DNA sequence: AATTAAACGGAACAATCGTTCCTGAATAAG
DNA sequence: CTTATTCAGGAACGATTGTTCCGTTTAATT
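Protein chains in written order, with my numbering: chain Y, 1 to 193; chain G, 194 to 386.
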């Protein structure tokens, strides 16, 4: 029989996420991928098809990783407002720590490709939909527990939260390094919850 | 002496804004520019230098056009909160009307290029700085007139407003066509002012 | 009318793009 | 040992990229 695969496909995908995230789709060349993933050109194309498919798979994997993390945090949480606050604080920390500011892979891809690539558009929409659902359920839970104001519907607040999350990631991608700017936004957002 | 210019440089820049806005920097080829601007390759390069310089000039022109419009609206306004609301409503309308969803040229460029091109990064930062100033002054004015809550500092609210504006433009770029989503966000934002 | 500088169309440039293909070595199971 | 499959490496593909150059046309000034 044949030789077994020597590299882990998921690990390779993680490397692909890194470089696509950093450089974007159009900014990443085939040579970049070969160098960064540590695979030969042939292995790369045999395994993933072409650049577009590799990108699509990378974005899907990124989506799942992030959604799972957020969903688990909120499901487990006994004080949803605090957990949401922690999620935002973490986003701020990442935005400031990251020497090469990458923002959010989903936001970046959405801006660069969603209107030109139907596959990517589908992923972006699926992500928005799921995140809205996750946030809505979380807000409902928080409202029932008395941690979050009932002045606005859960869905409205969920969309509001998601919108500010996107905005913060754009700020990060733009290279904002002043912590006070992020903190001010977070403060304003959570004064509404 | 020499022949006079037959095309209007600013009109050509407006055409450049259109196509760069739609396709992004990397997505726009030299041929795209020749076709869309209606200039010959040689005239284009003689006039604007190279692609990067043309992009940079386009973005600067876009920035000035938008800043001037917003600044004038807010300076003239007698009820800043209502004017801000109108600005957001207008952004929503544009997001929904635009058959080819373009989002915001500044946000798009920021995400695509700010971390890889110092010239663009400078323009983005200058834009953020100016918009923050414009919004801060507007909020102050609204707070003094009693139209906007004084619970949060003007600068905090200004950054908060700007962040949600960015978020909405990302939504638009991602192809969101459900008016309710935008309206919900605007409702939440203005419930805080 | 002669001069001069700009605008033009289009050919041509080298470089890079994503992708395919080939060779030979490596490694597993039969 | 044979066979099957995957690996790496690199040559090569045509297409497209951004850019330059050149010869011609155009029009304002002297």
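Cβ atoms here follow ideal geometry from the backbone N, Cα and C, with glycine treated the same way.
Keep in mind the model is a prediction, meaning the values are calculated, not measured.
{"query": "Tell me, to the nearest whole angstrom, how far the beta carbon of residue 110 of chain Y is from that of residue 317 of chain G; I am working on the premise that it is less than 8 Å.", "result": "18 Å between Cβ atoms; not a contact."}
{"query": "Give me the Cβ distance between residue 19 of chain Y and residue 32 of chain Y, rounded to the nearest whole Å; I'm assuming they're in contact under 8 Å.", "result": "6 Å"}
{"query": "Using a Cβ-Cβ distance cut-off of 8 Å, determine whether residue 101 of chain Y contacts chain G.", "result": "yes"}
{"query": "Along the chain, where does the alpha helix (DSSP H) that runs through residue 99 of chain Y open and close?", "result": "Unbroken run through residue 99 of chain Y: none, as it is neither H nor E."}
{"query": "Using 8 Å as the Cβ pair cut-off and three pairs as the minimum, do the region 166–185 of chain Y and the region 311–331 of chain G touch?", "result": "yes"}
{"query": "Can you list, in chain order, the residues of its chain whose CB lies under 8 Å from that of residue 475 of chain G, leaving out five sequence neighbours each side?", "result": "In the structure as shown, chain G starts at 194 and stops at 386, and residue 475 of chain G therefore has no counterpart that could be examined."}
{"query": "Check this for me: beta carbons of residue 142 of chain Y and residue 71 of chain Y, under 8 Å apart or not?", "result": "no"}
{"query": "Does DSSP put residue 89 of chain Y in a helix, in a strand, or in coil?", "result": "helix"}
{"query": "Would you mind sorting residue 101 of chain Y into buried or exposed? The rule is 16 or more other CB atoms within 10 Å of its CB.", "result": "buried"}
{"query": "Residues of chain G with a CB under 9 Å from the CB of residue 124 of chain Y: which are they?", "result": "367 and 368"}
{"query": "Can you tell me where the alpha helix (DSSP H) with residue 137 of chain Y in it begins and where it stops?", "result": "118–144"}
{"query": "Rounded to whole angstroms, how far is the Cβ of residue 248 of chain G from the Cβ of residue 218 of chain G, which I believe are closer than 8 Å?", "result": "5 Å"}
{"query": "So residue 166 of chain Y is in the alpha helix (DSSP H); what residue range does that whole segment cover?", "result": "154–173"}
{"query": "What residue range is occupied by the uninterrupted alpha helix (DSSP H) comprising residue 243 of chain G?", "result": "Where residue 243 of chain G is concerned, there is no enclosing alpha helix (DSSP H), given that its DSSP letter is neither H nor E."}
{"query": "Which bits of chain G does residue 80 of chain Y rub up against, with CB to CB less than 8 Å?", "result": "Simply none; closest approach about 17 Å."}
{"query": "Quick check: the Cα distance between residue 199 of chain Y and residue 236 of chain G, rounded to an integer number of angstroms?", "result": "Nothing about residue 199 of chain Y can be reported from this structure: the residues present for chain Y run from 1 to 193 only."}
{"query": "Please list, in chain order, all residues of the same chain as residue 23 of chain Y whose beta carbon is under 8 Å from its beta carbon, the five residues on each side excluded.", "result": "32"}
{"query": "So with CB distances below 8 Å, who are the chain Y contacts of residue 348 of chain G?", "result": "184"}
{"query": "Which residues in chain Y have a C-beta closer than 7 Å to the C-beta of residue 381 of chain G? List them in chain order.", "result": "152, 156, 157, 160 and 192"}
{"query": "Within the 8 Å Cβ cut-off, does residue 116 of chain Y reach chain G?", "result": "yes"}
{"query": "Go ahead and label residue 301 of chain G buried or exposed: buried means 16 or more other beta carbons lie within 10 angstroms of its beta carbon, across all protein chains shown.", "result": "buried"}
{"query": "Thinking just about the alpha-carbon of each residue, which of Y/140, Y/15 and Y/91 is nearest to the one in residue 36 of chain Y?", "result": "Y/15"}
{"query": "Quick one: list the residues of chain G neighbouring residue 92 of chain Y, beta-carbon separation under 9 Å, in chain order.", "result": "What residue 92 of chain Y touches in chain G: nothing, since even the nearest Cβ is about 12 Å away."}
{"query": "Whose C-beta lies closer than 7 Å to the C-beta of residue 359 of chain G among residues of the same chain, with five residues either side of it excluded?", "result": "300"}
{"query": "Nearest to residue 374 of chain G by alpha carbon, out of G/203, G/286 and G/279?", "result": "G/286"}
{"query": "Taking the alpha helix (DSSP H) that residue 308 of chain G belongs to, which residues open and close that run?", "result": "Residue 308 of chain G -> no alpha helix (DSSP H), and no H or E assigned at all."}
{"query": "Is the CB of residue 137 of chain Y under 8 Å away from at least one CB in chain G?", "result": "no"}
{"query": "Which same chain residues, not among the five before or five after residue 41 of chain Y, have their C-beta less than 8 Å away from its C-beta?", "result": "30 and 34"}
{"query": "Please name the residue, chosen from G/259, G/340, G/308 and G/270, that lies closest to residue 98 of chain Y on a Cα-to-Cα basis.", "result": "G/308"}
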